[in-house]
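Here's the structure we're looking at; comments come further down.
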Amino acid sequence: GRAMRDEMRALFRADAFVANATVFVDGATTRARALEKRGIYECETHAMGEDQRELAPVFASLGQAREVMAQANELMGWRDDATTTLTHASVKLQCNIGDGACFPLHFDSDGALDSRRLTMLTYLNEDWTRGDGGELVVYPFPAKEVVIEPRFGRVVLLSSQLSLHRVLPSSAKERFMFTVWFFAQEKTGETRAPLPGTTAESQMAALLHPALRKHLCKLVLAETWARSIEEAHPDDDARSVALRTHWDEVGLIGRVLS
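Written as C-alpha coordinates, this is what we have:
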(Lines of atoms letter the chains of each structure in order from A and count residues from 1; the text may use other names and numbers.)
(Lines give C-alpha, C1' and ligand atoms only; values in the text may rest on other atoms or scores of the structure.)
Protein backbone atom coordinates (compact mmCIF):
# COMPACT_ATOMS: atom_id res chain seq x y z
CA GLY A 1 0.00 0.00 0.00
CA ARG A 2 2.74 2.49 0.90
CA ALA A 3 4.62 1.74 -2.32
CA MET A 4 1.46 2.54 -4.31
CA ARG A 5 0.91 5.76 -2.37
CA ASP A 6 4.53 6.80 -2.96
CA GLU A 7 4.14 6.10 -6.69
CA MET A 8 1.03 8.29 -6.79
CA ARG A 9 2.83 11.11 -4.99
CA ALA A 10 5.73 10.87 -7.43
CA LEU A 11 3.34 11.02 -10.40
CA PHE A 12 1.45 13.95 -8.90
CA ARG A 13 4.69 15.90 -8.41
CA ALA A 14 5.67 15.06 -12.00
CA ASP A 15 2.42 16.68 -13.26
CA ALA A 16 1.01 13.37 -14.51
CA PHE A 17 -2.41 14.22 -13.05
CA VAL A 18 -5.00 16.44 -14.75
CA ALA A 19 -8.10 18.15 -13.36
CA ASN A 20 -11.21 15.99 -13.40
CA ALA A 21 -13.96 17.14 -15.74
CA THR A 22 -17.11 15.45 -17.01
CA VAL A 23 -18.32 16.30 -20.50
CA PHE A 24 -22.10 16.39 -20.90
CA VAL A 25 -24.56 17.70 -23.47
CA ASP A 26 -26.77 20.64 -22.58
CA GLY A 27 -30.22 19.40 -23.55
CA ALA A 28 -31.50 22.90 -24.23
CA THR A 29 -28.74 23.84 -26.68
CA THR A 30 -27.24 20.41 -27.65
CA ARG A 31 -23.88 21.98 -26.82
CA ALA A 32 -21.13 19.95 -25.12
CA ARG A 33 -19.99 21.34 -21.77
CA ALA A 34 -17.13 20.47 -19.43
CA LEU A 35 -18.18 20.20 -15.79
CA GLU A 36 -15.09 20.41 -13.57
CA LYS A 37 -14.84 19.13 -10.02
CA ARG A 38 -13.05 21.29 -7.46
CA GLY A 39 -9.77 19.87 -6.17
CA ILE A 40 -9.95 16.48 -7.94
CA TYR A 41 -7.00 15.37 -10.09
CA GLU A 42 -6.68 12.08 -11.98
CA CYS A 43 -4.26 10.01 -14.01
CA GLU A 44 -5.25 7.16 -16.33
CA THR A 45 -2.49 4.57 -16.27
CA HIS A 46 -2.99 3.42 -19.87
CA ALA A 47 -2.13 6.97 -21.01
CA MET A 48 1.12 7.23 -19.01
CA GLY A 49 4.30 7.89 -20.95
CA GLU A 50 7.50 5.89 -20.54
CA ASP A 51 8.94 8.31 -17.94
CA GLN A 52 5.74 8.10 -15.91
CA ARG A 53 5.66 4.30 -16.13
CA GLU A 54 9.17 4.22 -14.70
CA LEU A 55 7.97 6.33 -11.76
CA ALA A 56 5.05 3.94 -11.13
CA PRO A 57 5.94 0.36 -12.12
CA VAL A 58 3.26 -1.17 -9.89
CA PHE A 59 0.48 0.89 -11.43
CA ALA A 60 1.90 0.46 -14.91
CA SER A 61 1.20 -3.28 -14.66
CA LEU A 62 -1.98 -3.16 -12.58
CA GLY A 63 -4.31 -2.73 -15.56
CA GLN A 64 -3.96 -6.43 -16.34
CA ALA A 65 -5.45 -7.45 -12.96
CA ARG A 66 -5.99 -10.99 -14.24
CA GLU A 67 -6.17 -12.63 -10.83
CA VAL A 68 -8.90 -10.30 -9.55
CA MET A 69 -10.90 -10.77 -12.76
CA ALA A 70 -10.66 -14.55 -12.50
CA GLN A 71 -11.80 -14.50 -8.85
CA ALA A 72 -14.70 -12.16 -9.60
CA ASN A 73 -15.86 -14.27 -12.54
CA GLU A 74 -15.73 -17.38 -10.37
CA LEU A 75 -17.51 -15.78 -7.41
CA MET A 76 -20.30 -14.25 -9.51
CA GLY A 77 -20.68 -17.17 -11.90
CA TRP A 78 -19.81 -14.92 -14.84
CA ARG A 79 -18.73 -17.49 -17.41
CA ASP A 80 -19.11 -17.86 -21.18
CA ASP A 81 -21.23 -14.73 -21.57
CA ALA A 82 -19.83 -11.79 -23.51
CA THR A 83 -22.00 -9.32 -21.55
CA THR A 84 -20.98 -10.49 -18.05
CA THR A 85 -17.62 -12.31 -18.12
CA LEU A 86 -14.87 -9.85 -17.20
CA THR A 87 -12.16 -9.69 -19.87
CA HIS A 88 -10.16 -6.47 -19.37
CA ALA A 89 -9.62 -3.58 -16.98
CA SER A 90 -8.61 0.07 -16.76
CA VAL A 91 -7.04 1.96 -13.86
CA LYS A 92 -7.52 5.58 -12.82
CA LEU A 93 -5.48 7.20 -10.04
CA GLN A 94 -7.01 10.03 -8.06
CA CYS A 95 -5.74 12.77 -5.77
CA ASN A 96 -8.19 14.91 -3.81
CA ILE A 97 -6.47 18.05 -2.43
CA GLY A 98 -9.20 18.90 0.07
CA ASP A 99 -10.94 22.24 0.64
CA GLY A 100 -14.27 20.47 0.21
CA ALA A 101 -13.41 18.51 -2.94
CA CYS A 102 -15.92 15.71 -3.53
CA PHE A 103 -18.00 13.75 -6.06
CA PRO A 104 -21.76 14.07 -6.65
CA LEU A 105 -24.18 11.15 -6.73
CA HIS A 106 -23.62 8.98 -9.78
CA PHE A 107 -23.59 5.51 -11.28
CA ASP A 108 -20.25 4.59 -12.86
CA SER A 109 -21.75 2.96 -15.93
CA ASP A 110 -24.83 2.60 -18.09
CA GLY A 111 -25.13 -0.83 -19.69
CA ALA A 112 -26.37 0.75 -22.91
CA LEU A 113 -23.26 2.92 -23.20
CA ASP A 114 -20.28 0.86 -22.01
CA SER A 115 -19.43 -2.61 -20.77
CA ARG A 116 -18.12 -1.83 -17.27
CA ARG A 117 -19.45 -4.38 -14.80
CA LEU A 118 -17.36 -4.12 -11.63
CA THR A 119 -15.74 -1.16 -9.84
CA MET A 120 -12.89 -1.70 -7.36
CA LEU A 121 -11.87 1.23 -5.14
CA THR A 122 -8.68 1.15 -3.06
CA TYR A 123 -7.80 3.80 -0.47
CA LEU A 124 -4.22 4.83 0.39
CA ASN A 125 -4.75 7.38 3.17
CA GLU A 126 -2.56 6.29 6.06
CA ASP A 127 -3.12 9.44 8.12
CA TRP A 128 -6.88 9.70 7.54
CA THR A 129 -8.95 10.38 10.68
CA ARG A 130 -12.62 11.00 11.31
CA GLY A 131 -13.34 14.62 10.61
CA ASP A 132 -11.18 14.65 7.46
CA GLY A 133 -14.24 13.83 5.34
CA GLY A 134 -13.98 12.16 1.96
CA GLU A 135 -16.12 9.17 2.97
CA LEU A 136 -17.73 7.05 0.28
CA VAL A 137 -21.52 6.91 0.55
CA VAL A 138 -23.36 4.07 -1.21
CA TYR A 139 -27.13 4.23 -1.75
CA PRO A 140 -28.52 0.67 -2.00
CA PHE A 141 -32.03 2.06 -2.52
CA PRO A 142 -34.56 1.35 -1.08
CA ALA A 143 -32.30 0.40 1.85
CA LYS A 144 -30.58 3.09 3.92
CA GLU A 145 -27.34 4.59 2.64
CA VAL A 146 -24.02 3.13 3.81
CA VAL A 147 -21.07 5.37 4.76
CA ILE A 148 -17.59 3.87 4.21
CA GLU A 149 -14.48 5.50 5.67
CA PRO A 150 -11.51 5.83 3.25
CA ARG A 151 -9.06 4.09 5.55
CA PHE A 152 -5.61 2.96 4.44
CA GLY A 153 -5.67 -0.32 2.51
CA ARG A 154 -9.47 -0.56 2.37
CA VAL A 155 -10.85 -2.09 -0.84
CA VAL A 156 -14.48 -1.64 -1.89
CA LEU A 157 -16.22 -3.53 -4.71
CA LEU A 158 -19.31 -2.07 -6.37
CA SER A 159 -21.52 -2.92 -9.29
CA SER A 160 -20.56 -0.36 -11.94
CA GLN A 161 -24.10 -0.30 -13.35
CA LEU A 162 -26.25 -0.66 -10.22
CA SER A 163 -24.42 1.04 -7.33
CA LEU A 164 -25.39 4.66 -6.80
CA HIS A 165 -22.68 6.40 -4.78
CA ARG A 166 -20.90 9.67 -4.01
CA VAL A 167 -17.86 11.01 -2.12
CA LEU A 168 -18.41 13.48 0.71
CA PRO A 169 -16.43 16.76 0.87
CA SER A 170 -12.83 16.24 2.02
CA SER A 171 -10.75 18.58 4.16
CA ALA A 172 -7.58 16.44 4.13
CA LYS A 173 -4.65 18.06 2.28
CA GLU A 174 -4.26 14.94 0.19
CA ARG A 175 -6.50 11.93 -0.30
CA PHE A 176 -5.10 9.23 -2.56
CA MET A 177 -7.10 6.35 -4.01
CA PHE A 178 -7.35 4.44 -7.24
CA THR A 179 -10.16 2.83 -9.18
CA VAL A 180 -10.00 -0.32 -11.28
CA TRP A 181 -12.90 -0.78 -13.67
CA PHE A 182 -13.47 -4.29 -14.99
CA PHE A 183 -15.15 -4.65 -18.37
CA ALA A 184 -17.02 -7.42 -20.15
CA GLN A 185 -16.46 -7.91 -23.86
CA GLU A 186 -19.87 -6.50 -24.83
CA LYS A 187 -22.41 -4.03 -23.44
CA THR A 188 -25.57 -5.39 -21.84
CA GLY A 189 -27.66 -2.99 -23.92
CA GLU A 190 -31.04 -1.55 -23.05
CA THR A 191 -33.19 -3.46 -20.58
CA ARG A 192 -36.92 -3.13 -20.00
CA ALA A 193 -38.72 -3.32 -16.70
CA PRO A 194 -41.63 -5.77 -16.47
CA LEU A 195 -45.10 -4.30 -16.72
CA PRO A 196 -46.47 -3.56 -13.26
CA GLY A 197 -49.21 -5.93 -12.19
CA THR A 198 -52.21 -5.23 -10.02
CA THR A 199 -50.62 -6.20 -6.69
CA ALA A 200 -48.36 -4.03 -4.54
CA GLU A 201 -45.64 -6.68 -4.79
CA SER A 202 -45.62 -6.76 -8.58
CA GLN A 203 -45.68 -2.97 -8.79
CA MET A 204 -42.74 -2.70 -6.40
CA ALA A 205 -40.83 -5.33 -8.38
CA ALA A 206 -41.32 -3.30 -11.55
CA LEU A 207 -40.18 -0.07 -9.88
CA LEU A 208 -37.06 -1.73 -8.45
CA HIS A 209 -36.07 -3.37 -11.73
CA PRO A 210 -32.66 -1.90 -12.75
CA ALA A 211 -34.21 -0.18 -15.77
CA LEU A 212 -36.51 1.90 -13.51
CA ARG A 213 -34.65 1.86 -10.19
CA LYS A 214 -31.98 4.33 -11.35
CA HIS A 215 -34.72 6.81 -12.29
CA LEU A 216 -36.63 6.22 -9.06
CA CYS A 217 -33.41 6.90 -7.14
CA LYS A 218 -33.07 10.28 -8.84
CA LEU A 219 -36.69 11.15 -8.03
CA VAL A 220 -36.59 10.09 -4.36
CA LEU A 221 -33.11 11.53 -3.73
CA ALA A 222 -33.62 14.65 -5.85
CA GLU A 223 -32.69 17.20 -3.16
CA THR A 224 -29.68 15.20 -1.95
CA TRP A 225 -28.55 14.74 -5.56
CA ALA A 226 -28.83 18.48 -6.30
CA ARG A 227 -26.85 19.41 -3.16
CA SER A 228 -24.11 16.99 -4.16
CA ILE A 229 -23.83 18.70 -7.56
CA GLU A 230 -23.55 22.08 -5.85
CA GLU A 231 -20.86 20.80 -3.47
CA ALA A 232 -18.75 19.08 -6.14
CA HIS A 233 -18.57 21.76 -8.83
CA PRO A 234 -17.58 25.44 -8.92
CA ASP A 235 -20.40 27.97 -9.20
CA ASP A 236 -20.32 28.63 -12.94
CA ASP A 237 -22.51 28.30 -16.04
CA ALA A 238 -21.73 24.60 -16.44
CA ARG A 239 -22.95 23.85 -12.90
CA SER A 240 -26.10 25.88 -13.50
CA VAL A 241 -26.80 23.85 -16.63
CA ALA A 242 -26.12 20.60 -14.76
CA LEU A 243 -28.58 21.59 -12.03
CA ARG A 244 -31.20 22.64 -14.55
CA THR A 245 -30.76 19.34 -16.38
CA HIS A 246 -31.07 17.45 -13.09
CA TRP A 247 -34.36 19.13 -12.18
CA ASP A 248 -35.71 18.72 -15.74
CA GLU A 249 -34.98 14.98 -15.48
CA VAL A 250 -36.58 14.79 -12.02
CA GLY A 251 -39.73 16.46 -13.36
CA LEU A 252 -39.90 14.13 -16.34
CA ILE A 253 -39.41 11.03 -14.17
CA GLY A 254 -42.14 12.22 -11.81
CA ARG A 255 -44.59 12.70 -14.65
CA VAL A 256 -43.83 9.31 -16.21
CA LEU A 257 -44.10 7.40 -12.94
CA SER A 258 -47.19 9.22 -11.62
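In the numbering used here, the protein residues as written are 278 to 535. Cβ atoms here follow ideal geometry from the backbone N, Cα and C, with glycine treated the same way. This one's a predicted model, so the numbers in the text were calculated from it and none came from an experiment.
Quiz item: Counting pairs of beta carbons, one from the stretch 355-365 and one from the stretch 451-470, are three or more of them closer than 8 angstroms?
Solution: Taking 8 angstroms as the limit for Cβ pairs, the verdict is that the stretch 451-470 does touch the stretch 355-365.
Quiz prompt | Beta-ladder partner(s) of GLY410, from DSSP | solution = SER447, per the DSSP bridge assignment.
Quiz item: Taking all protein chains shown into account, do 16 or more other C-beta atoms lie within 10 angstroms of the C-beta of GLN371, making it buried, or fewer, making it exposed?
Solution: buried
Quiz item: Between VAL423 and VAL433, is the Cβ-Cβ spacing less than 8 angstroms?
Solution: no
Quiz item: Thinking C-alpha only, which one of ILE425, ILE506, ASP513 and ARG431 is nearest PHE380?
Solution: ILE506
Quiz item: Measuring CB to CB, does GLY278 end up less than 8 angstroms from PHE429?
Solution: yes
Quiz item: Could you give the uninterrupted runs of the alpha helix (DSSP H) lying entirely in the stretch 317-341, keeping only those of 4 residues or more?
Solution: DSSP runs (the alpha helix (DSSP H)) wholly in the stretch 317-341: 327-332 and 334-339.
Self-check item: Sequence-distant residues of its chain with Cβ nearer than 7 angstroms to SER386 (five each side left out)
Solution: ARG393, SER437 and GLN438
Quiz item: What does DSSP give as the partner residues of SER436 in its beta bridges?
Solution: Under DSSP, the beta-bridge partners assigned to SER436 are LEU395.
Quiz item: Hey, ASN297 and GLU319: beta-carbon distance below 8 angstroms or not?
Solution: Taking a C-beta distance under 8 angstroms as the contact criterion, ASN297 and GLU319 qualify as a contact pair.
Self-check item: Assigned exposure category for SER535 - 16 Cβ within 10 Å defines buried
Solution: Result: exposed.
Quiz item: Alpha carbon to alpha carbon, how far is GLU467 from GLY388?
Solution: 7 angstroms
Self-check item: Proximity winner among VAL444, LEU493, GLU426 and ARG521, relative to ALA503 (alpha-carbon distances)
Solution: Of the residues VAL444, LEU493, GLU426 and ARG521, the one whose Cα lies closest to the Cα of ALA503 is ARG521.
Quiz prompt | Three-state secondary structure (DSSP) of ASN541 | solution = It is not possible to answer for residue 541, since the shown part of the chain is limited to 278 through 535.
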